[in-house]
Amino acid sequence: MPTILADSFTASLAKLSNDEQKRVKLTAFDLQTEPDRPGLKAHRIDASKDPNFWSVRVNRDLRIIIHKTGDSVMLAYVDHHDDAYKWAERRRIETHPRTGAVQIVEVRELVEDVDVHRHLPHQQELPFAIQIEHKVSTSPLFEALTPDDVLGLGVPEDWVGDVLQATEDAFFSLADHLPQEAAESLLDYAASGVLRPPAPVTDDPLTHPDSQRRFRILEGHEELAAALDQPFEKWAIFLHPSQRALVNRNFSGPVRAIGSAGTGKTVVALHRVARILKDDPEARVLLTTFSEPLAIALKRKLGVLLADAPTLTDRVTISSFEQAAADLNALMTGRKAYLIGRDKLRSIISDAASSLPRYTSQFLNSEWEHVIDAWQIDSAEAYATVPRMGRKNRLGSKQRTELWGVFAEVRKQLRSKALMTAAGVFTSVTAHYSARNDKPYTHIVVDEAQDLGVAELRFLGAIVPERQDALFFAGDIGQRIFQQPFSWKGLGVDIRGRSFTLKVNYRTSHQIRRLADHLLPENIRDVDGETDDRKGTVSVFDGVEPVVVIAPNWESEKEAAAEFLKRLIAQGILPGEIGIFCRSNEQISRVAEIAHLAGLKTMSSLSGSSPEDFVLIGTMHLAKGLEFRAVLIVGCDEGVLPLQSRIADVADEFELDEVVSTERQLLYVAATRARDQLFISAIEPGSEFLDDLIVA
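Using our numbering, the first residue of the sequence shown is number -6, and each one after it goes up by one.
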């Protein structure tokens, strides 16, 4: 008799202590071996609306809820005695009459209070917390749908009326009572305005795609043990059916998946890699991202995704942009490239320009970084014709000629010292492979693609053959915090007609996403005219309102942040599930003070494993690509955000706009690392960016 594992069982199992989990697993193995054995002390749950729910004793307190028929035994839920019984009494398992999928349905008549005009959950008050008011629509969210439409989305018949009455804000309370696939289908409609056709009805309800997301049929002890021991990442790499086309479709050129933070871009990228490796036994894939810590996270997640075929990972290289180039450069030259540091480079530029005092150091450094080095200009002729996109300082031919004398000297100094810039390494590899037919990779999948620069994009195009499906990019224009914008089309990467926006947020609560969205415009357009329409993005789960504290002094801010931390721990959130971030390294000691006041240990590195009893602290840049149950962003003071030293470093008006924009995006990135709870603080008057959050 097969054992069926429901995701409700694994979710409830994860909430138990380690010792309790071990006891439950042993009982689950006994159930799988001999489900009718008298020693299991199984009892039918008489008060349940479903006659097939039984309780199985684990110990004096714990009970496993199983759903037993003549054909199978389903592990449905586990909890302490009374809570386990209450769960079973309020649910039934059935096949949906329209979709044909198996569902665990909450019994409508036993739910006393489904308030479709609900009260939002609130945090406990903290000193100096600012009240945030939101404009809330009172119109039904799904008023354009008919009852038949709602039923076709997989909503149980009992709940169709509630769905049709729900407002946007109230829907999240209602969604807690619906099967997850039904709630997600409703959210997908809310985001896109499109009713997607349901999957075909299958002969076996358990083979329906929606059923396969929630239930697994396990044949032996080894399969059950593996399923119960799988890490959290197994659920973190779930691919929503609406995103499957992006993974499986063969496109006629480079593709880009864009969307705001938490919409599943990385998951799509991972599944794209897995699909390529499975479909093409000759494929050699580069999966690359902005930094090595992010690459390590991708490697771990891909390992989970390909756990059933681990040898496939032998044909994928996972590394940061810079590391991928450094490795290929070392392979070409037989030696490691030595990169020049920022301060040393600026000193060389200053010395080379000593005879041209009319050009400020800010302008010279910026011109080198964003024009000469970015585009790898190697001659006066190239400098005379390069489009200085976005540069407000117009330069005539005479000015470019005298400036080229400076930059030519800088390039000469770098060569004489055998030093390179990162862009120089990319360019060296690009030149090598552009002239060769044998490429190191057949496919490249890029995560955090918004942080690609000119040299990086050229490099990626050079190390794969000219095939239609060679390049896949995943990113968010709104999270661009490292690079100035430039034309991808101008470098031969034309994504027009193949740029897709993801609208359903799987990581961040409705409240956190709504707050963070106020930091960015609803529409963001890139240099090539491609638009990221961020309006209409929705989250799949609800949470508590974020906290914004503007304190009169540092001591008050510290005490409020420490109190917030203590409350997180009291709620059962582990230290390892918390991140505390600030704008600059100068503030790190303050962050450590907050953690110390809350009685927590800290770590500031992502290398190796992350102990559960350590809180991660660092700058907002460290937060990029990570996710936590709770995030604190402290020290968002006036003069700190945007960072005054960056403002002082700008060379022209355009660059000032870019700095302010990327500083705003940096706060957005940090805020959207939080899944459930978010705390932002400052000393009054606070950063100008906080005004957008308070008047949300």
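Quick reminder that beta carbons are idealized off the backbone N, C-alpha and C, glycines included.
Can you list, in chain order, the residues of its chain with a C-beta nearer than 6 Å to that of Pro458? Leave out the 5 residues immediately preceding and following it. Lys432
Excluding the five sequence neighbours on either side, which residues of its own chain have a C-beta within less than 7 Å of the C-beta of Phe2, listed in chain order? Leu68, Ala69, Tyr70 and Val71
Separation of Tyr426 from Glu99, as counted between CA atoms: 59 Å
Could you pull out every unbroken alpha helix (DSSP H) segment of at least 4 residues lying fully inside the region 547 to 574, listed in chain order? 547 to 563
Top-ranked residue by Cα proximity to Val153, from Gly565, Glu161, Thr139 and Gln25: Of Gly565, Glu161, Thr139 and Gln25, the residue nearest in Cα terms is Thr139.
Stretch-stretch touch, CB-based, cutoff 8 Å, three pairs: the region 340 to 360 with the region 391 to 407: yes
Please return the same chain residues whose Cβ sits closer than 8 Å to the Cβ of Lys391, not counting the five positions on each side in sequence. The beta carbon of Lys391 lies closer than 8 Å to none in the same chain, with the five residues before and after it left out.
Would you call the CB atoms of Asp0 and Ala94 closer than 9 Å? The answer is no: Cβ separation not under 9 Å.
On the CB-based measure, 16 or more other CB atoms within 10 Å of its CB, does Ser372 come out buried or exposed? exposed
On the CB-based measure, 16 or more other CB atoms within 10 Å of its CB, does Pro635 come out buried or exposed? buried
Neighbour-count burial assignment, Met697, 16 or more Cβ in a 10 Å radius: Only positions -6 to 689 of the chain appear in the structure, and residue 697 is not among them; the question remains open.
Measure the alpha-carbon distance for Leu686 versus Thr612 and round it to whole angstroms. 20 Å
Would you list, in sequence order, the uninterrupted beta strand (DSSP E) runs of no fewer than 3 residues that lie entirely inside the region 576 to 656? 594 to 596, 607 to 612 and 621 to 626
Just to check my reading of the structure: Gly257 and Leu445 have Cβ atoms closer than 8 Å, yes? What is that Cβ distance to the nearest angstrom? So it is not a contact: roughly 20 Å between Cβ atoms.
Using the DSSP secondary-structure output, state which residues sit across from His36 in a beta bridge. Ser48
I'd like the span of the alpha helix (DSSP H) that includes Arg265, first residue to last. Lys258 to Asp272
Give me the DSSP bridge partner(s) of Gln96. Glu87
Ile505 vs Gly536 beta-carbon contact at 9 Å: It is a contact, given that the beta carbons lie within the stated cut-off.
Taking all protein chains shown into account, decide if Pro678 is buried (16 or more other Cβ within 10 angstroms of its Cβ) or exposed. exposed
Could you tell me how far apart the beta carbons of Ile251 and Asp469 are, in whole angstroms, since I believe they sit closer than 8 Å? 6 Å
From which residue to which residue does the alpha helix (DSSP H) around Phe165 run? Phe164 to Ala168
Which class does Gly334 belong to by DSSP, given the choice of helix, strand or coil? coil
Would Gln14 and His214 be called neighbours here (beta carbons separated by less than 9 Å)? no
Suppose contacts are defined by Cβ-Cβ distances below 9 Å. Is Ile488 in contact with Val248 by that definition? yes
Could I get the ranges of all uninterrupted alpha helix (DSSP H) runs contained in the region 432 to 462, with 4 residues as the minimum, in chain order? 447 to 455
How should Arg53 be labelled, buried or exposed, when 16 other C-beta atoms within 10 angstroms of its C-beta is the threshold for buried? exposed
Report the rounded CA-to-CA distance for Pro303 versus Thr92, giving the unit in angstroms. 34 Å
Met690 - containing alpha helix (DSSP H), residue span: Since the displayed the chain opens at -6 and closes at 689, residue 690 lies outside it and no answer follows.
Starting from Lys294, trace the beta strand (DSSP E) both ways and give me its first and last residue. It is not in any beta strand (DSSP E) - Lys294 instead sits in the alpha helix (DSSP H) that spans Glu285 to Leu298.
Per the DSSP calculation, Met67 is bridged to which residue(s)? Per DSSP, Ile(-3) and His60.
Kindly list the residues whose CB is nearer than 7 Å to the CB of Leu593, restricted to its own chain and excluding five residues on each side of it in sequence; keep chain order. Leu558, Pro568 and Val608
Can you give me the C-alpha to C-alpha distance between Ala159 and Leu508, rounded to a whole angstrom? 21 Å
So is Ser638 buried or exposed if we call it buried at 16+ other beta carbons inside 10 Å? Counting Cβ neighbours within 10 Å, Ser638 comes out exposed, since fewer than 16 surround it.
With Gly417 as the anchor, note down where its alpha helix (DSSP H) starts and where it stops. Its alpha helix (DSSP H) spans residues Ala415 to Ser427.
Alpha-carbon to alpha-carbon, Val260 and Thr200: 23 Å
For Pro133, write down the residues that DSSP places opposite it in a beta bridge. Secondary-structure assignment with DSSP links Pro133 through a beta bridge to Thr160.
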